[in-house]
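The structure appears right after this line, and notes come after that.
Have a look at this one:
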C-alpha cells in the first residue's frame, strides 16, 4: 500500500495476462510474515516496508490445485519498484507493475482476491479516516 496525492494505492504485478499481488511460499522454517516481506522485496525491490496495520492477514480461497495465498498489508512510503531478474527463471518473474486504486485492483485481480481488496480498503480507511 502507498498513499499518493489522490488516495491509497495497491501494488499489483502482471505476469503474462494475469494480475497478481506480491506473494510467495515460505522457505523451510520461515515464518509466514517473514516470508511475505522477503517475497515482496524479491519481487518488487521494496525493502523498507512497514506494518502500521499490524500483522493481520487474509487468505484466498483454495485455487490452482490446493494453493492458498496469505496476504498481509504493508506500507511502502518510499522506493522505486523494480522487477528484478529471478535466478531460477533467468528473467523477471513479472512483466509489469502498477500502483492502482482499490476499484482498479478489484477490476484487474482474479476473483479470489476480491475479499482481500475489500478488507484492505476497510482497514486502511478505518485507520486513516
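In the numbering used here, the protein residues as written are 133 to 261. For glycine and all other residues, C-beta sits at the position ideal for the given N, C-alpha and C.
The beta strand (DSSP E) enclosing residue i, as first and last residue numbers
{"i": "residue 251", "result": "No beta strand (DSSP E) contains residue 251, which is instead part of the alpha helix (DSSP H) from 246 to 260."}
{"i": "residue 134", "result": "134 to 136"}
Beta-carbon proximity of residue i to residue j, cut-off 7 Å
{"i": "residue 244", "j": "residue 192", "result": "yes"}
{"i": "residue 146", "j": "residue 228", "result": "yes"}
{"i": "residue 230", "j": "residue 166", "result": "no"}
{"i": "residue 140", "j": "residue 232", "result": "no"}
Limits of the alpha helix (DSSP H) - the one that residue i falls within
{"i": "residue 240", "result": "234 to 240"}
{"i": "residue 172", "result": "164 to 176"}
Residues bridged to residue i [DSSP beta-bridge criterion]
{"i": "residue 182", "result": "207"}
{"i": "residue 202", "result": "191"}
{"i": "residue 146", "result": "151 and 228"}
{"i": "residue 141", "result": "134"}
{"i": "residue 217", "result": "224"}
Residue environment, residue i, which counts as buried when at least 16 other CB atoms sit within 10 Å
{"i": "residue 204", "result": "buried"}
{"i": "residue 157", "result": "exposed"}
{"i": "residue 99", "result": "Because the chain here runs from 133 to 261, residue 99 falls outside it and cannot be looked at."}
{"i": "residue 188", "result": "exposed"}
{"i": "residue 196", "result": "exposed"}
{"i": "residue 154", "result": "buried"}
{"i": "residue 241", "result": "buried"}
{"i": "residue 168", "result": "buried"}
{"i": "residue 206", "result": "buried"}
message = Contact between the stretch 223 to 238 and the stretch 187 to 205 is defined here as three or more beta-carbon pairs at a separation below 8 Å; is this criterion met?
response = no
request  = State whether the stretch 170 to 184 contacts the stretch 234 to 252, with contact taken as three or more CB pairs (one from each stretch) at a distance under 8 Å.
outcome  = No: the two stretches stay apart, fewer than three of their Cβ pairs being nearer than 8 Å.
query = Counting Cβ pairs, one atom from each stretch, are 3 or more of them under 8 Å apart for the stretch 175 to 184 and the stretch 211 to 221?
reply = yes
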